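First the structure, in the form of structure tokens, and then the observations on it.
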Amino acid sequence: MRTLINKCLLSLILLSGAMQQVVADTQPRVLVSIKPLQLIFSEIAGDAVQVDLLLNPGVSPHIYQLKPSDMAKLSKADALVWVGPGMETFLAKVVTSLKPKRSVQLQHELSAFLSDANGHSGRDHDHDHDHGAHHHHDGHHHNHDAHGDAHLWLSPELAPEIAKVAAQLFSELRPEQAQQFQQRLAEFNKSLRTADQSNRDLLQPVGEKGFLVTHDAYGRFVGHYELNQVGALTITPERSPGARHLTQLRTVLESSQAHCVLLEPQIQPRYLNSLTEGLNIRQEILDPLGVEIEPGPGSYAQFLTNLAEAIHRCLR
Ligand SMILES: [Zn+2]
Numbered sequence: 518m519r520t521l522i523n524k525c526l527l528s529l530i531l532l533s534g535a536m537q538q539v540v541a542d543t544q545p546r547v548l549v550s551i552k553p554l555q556l557i558f559s560e561i562a563g564d565a566v567q568v569d570l571l572l573n574p575g576v577s578p579h580i581y582q583l584k585p586s587d588m589a590k591l592s593k594a595d596a597l598v599w600v601g602p603g604m605e606t607f608l609a610k611v612v613t614s615l616k617p618k619r620s621v622q623l624q625h626e627l628s629a630f631l632s633d634a635n636g637h638s639g640r641d642h643d644h645d646h647d648h649g650a651h652h653h654h655d656g657h658h659h660n661h662d663a664h665g666d667a668h669l670w671l672s673p674e675l676a677p678e679i680a681k682v683a684a685q686l687f688s689e690l691r692p693e694q695a696q697q698f699q700q701r702l703a704e705f706n707k708s709l710r711t712a713d714q715s716n717r718d719l720l721q722p723v724g725e726k727g728f729l730v731t732h733d734a735y736g737r738f739v740g741h742y743e744l745n746q747v748g749a750l751t752i753t754p755e756r757s758p759g760a761r762h763l764t765q766l767r768t769v770l771e772s773s774q775a776h777c778v779l780l781e782p783q784i785q786p787r788y789l790n791s792l793t794e795g796l797n798i799r800q801e802i803l804d805p806l807g808v809e810i811e812p813g814p815g816s817y818a819q820f821l822t823n824l825a826e827a828i829h830r831c832l833r
């Protein structure tokens, strides 16, 4: 008797394993470059499309180099979704040479919104600082190309457009599920609106207080919530700030224009101790890639809320 039950159990396990295999094989696979895109795309996908992540969120996309295992992921994907050559420079060449089955570039898909949003993307802030010199050495103008700041996923205003791109792509890959994608899109937007309102309420009282960020990524977030970012330690994480820029930052801190420094899990600025030495400057972690957030319903809204709460802790 016992053996019969065991046999039945065994065949059930084998059968369900086989079924999972079938499901996995028929499911389209969409590969997204960075974690916040995985949060958005997974929310729209539900279990109808498999959303895979290319980059470990502990690594900054600015300094990433592709590995052979990434090539394997790319070759298995039905579509690649990335921000664009202004962000994932390591993908720009791959997209031209490897030609994934399909490449969805958000800077291109959202171009109408990006040119409109320029005045609202924190560019005015950028020009207050000693940034000009960096741009031209850089070669690839990572943040500030024709479409402005490439950190699109940090904009509560662009997130619904990114989610719409997800729904469109998934509807083409699985037309029979189009209605479900639209429904999840509506749920996504609802959770976003709720989070956006509470973030606004949370941040409004600290809107005047100055702060520094680690790298110049948050212009759209800062603009949306009318925050007072007074500078960035670096423009792009791939290069350390020059002596002149460090002197300016030190002045900003000494004169109390900045109350706190927002650090990132992906970047450890070695010059930070000398910059803040002898000053009572609060430090807080601001994670632009959502390292600790699990994909699932409401995960992107949670990502934005975490950012708002980190800024609030820093400034309160
Ligand atoms: Zn960045």
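At position 69 of the sequence shown (counting the first as 1) the number is 586 in my numbering, and the numbers step up by one without a gap.
Yeah, the Cβ is synthetic: ideal placement off N, Cα and C, and Gly gets one too.
Fair warning: this is a prediction, and the values are worked out from it, not measured in the lab.
Distance between P602 and H652 (C-alpha atoms, nearest Å)
If you number the sequence shown from 1, residue 652 lands on position 135. If you number the sequence shown from 1, residue 602 lands on position 85. Low local confidence applies: a pLDDT of 36 at H652 is under 50, so the model's placement there is unreliable, and no value is given.
Looking at the strands, I want to know which residues DSSP matches up with V851.
This structure cannot settle anything about residue 851, because the visible part of the chain is limited to 518 through 833.
Can you give, in chain order, each stretch of the beta strand (DSSP E) that sits fully within the segment 673 to 737 and has at least 3 residues?
727 to 732
DSSP has E801 in a bridge; who is on the other side?
The residue given as residue 801 occupies position 284 in the sequence shown. Looking at the DSSP assignment, E801 forms a beta bridge with L779.
Integer-rounded CB distance, given that P758 should sit under 8 angstroms from L750:
Within the sequence shown, residue 750 is the residue found at index 233, counting from 1. Within the sequence shown, residue 758 is the residue found at index 241, counting from 1. Their Cβ separation, rounded to whole angstroms, is 6 angstroms, which keeps L750 and P758 in contact under 8 angstroms.
I need the straight-line Cα distance from L821 to A827, nearest angstrom please.
Start at 1 with the first residue of the sequence shown, and residue 821 comes out as number 304. Start at 1 with the first residue of the sequence shown, and residue 827 comes out as number 310. About 10 angstroms.
Just how far apart, CA to CA, sit Q700 and A680?
In the sequence shown, counting from the first residue as 1, residue 700 sits at position 183. In the sequence shown, counting from the first residue as 1, residue 680 sits at position 163. If you take the alpha carbons of Q700 and A680, they lie about 12 angstroms apart.
Examine ligand 1 and report whether any of its heavy atoms sits within less than 7 angstroms of the Cβ of H625.
Start at 1 with the first residue of the sequence shown, and residue 625 comes out as number 108. Incorrect: H625 has no Cβ contact closer than 7 angstroms to ligand 1.
Here's a check: name, in chain order, each residue in its chain whose Cβ is nearer than 8 angstroms to the Cβ of Q582, leaving out the five neighbours to either side.
As a working note, residue 582 is residue 65 in the sequence shown. So the list reads F607, once near-sequence residues are dropped.
Between the Cα of A690 and those of E605, R619, L671, I802, spot the shortest distance and give me the residue it belongs to.
Within the sequence shown, numbered from 1, the residue matching residue 690 stands at position 173. Reading off the sequence, residue 690 comes out as Leu, not Ala. That would be R619, whose Cα lies nearest to the Cα of L690.
Tell me V568's beta-bridge partners as DSSP assigns them.
Position 51 of the sequence shown, counted from the first residue, corresponds to residue 568. DSSP lists V547 as partners of V568.
Taking P677 as the reference, give the member of I798, F558, E801, L806 with the closest Cα.
Position 160 of the sequence shown, counted from the first residue, corresponds to residue 677. It is F558 whose Cα lies nearest to the Cα of P677.
Looking at the strands, I want to know which residues DSSP matches up with Q746.
In the sequence shown, residue 746 corresponds to position 229, counting from 1. According to DSSP, which records beta bridges pairwise, Q746 is partnered with F728.
Per-residue DSSP class, three states only, for I810
Residue 810 sits at position 293 when you count from the first residue of the sequence shown. Reduced to three states, the DSSP call for I810 is coil.
So, for L824: in the same chain, excluding its five sequence neighbours on each side, which residues have a beta-carbon less than 7 angstroms away from its beta-carbon?
For the purposes of this step, residue 824 is taken as residue 307 along the sequence shown, with counting starting at 1. Closer than 7 angstroms at the Cβ level, and outside the excluded window around L824, lie F738, L803.
Helix, strand or coil at I828 [DSSP, three-state]:
Within the sequence shown, the letter at position 311 stands for residue 828. Note: I828 maps to helix in three-state DSSP.
Closer than 6 angstroms: residues whose CB approaches a heavy atom of ligand 1:
H579, H668, H732, A734
What is the DSSP secondary structure of G665, reduced to helix, strand or coil?
As a working mapping, residue 665 is identified with position 148 in the sequence shown. Strand.
Report the three-state DSSP secondary structure of I561 (helix, strand or coil).
Reading the sequence shown from its first residue, position 44 is the one you call residue 561. The answer is helix: DSSP assigns I561 an H, G or I state.
Confirm, please, whether the CB-CB distance from P578 to L570 is below 8 angstroms.
Here the question's residue 570 lines up with position 53 in the sequence shown. Here the question's residue 578 lines up with position 61 in the sequence shown. In this structure, P578 does not lie closer than 8 angstroms to L570 by Cβ.
Nearest CA to the CA of P814: which residue from P786, V547, Q555?
As a first step, residue 814 is located in the sequence shown; it is residue number 297 there, counting from the start. If we check each option's Cα against that of P814, Q555 comes out closest.
Going by DSSP, what residues sit across from I784 in a beta bridge?
The residue you call residue 784 lines up with position 267 of the sequence shown. According to DSSP, which records beta bridges pairwise, I784 is partnered with E781.
Cβ neighbours of A760 in the same chain (closer than 7 angstroms, five flanking residues each side left out):
To locate residue 760, count along the sequence shown from 1; it is residue 243. No residues qualify anywhere along the chain.
First and last residue of the uninterrupted alpha helix (DSSP H) at E771:
Residue 771 sits at position 254 when you count from the first residue of the sequence shown. Segment 760 to 771, the alpha helix (DSSP H) holding E771.
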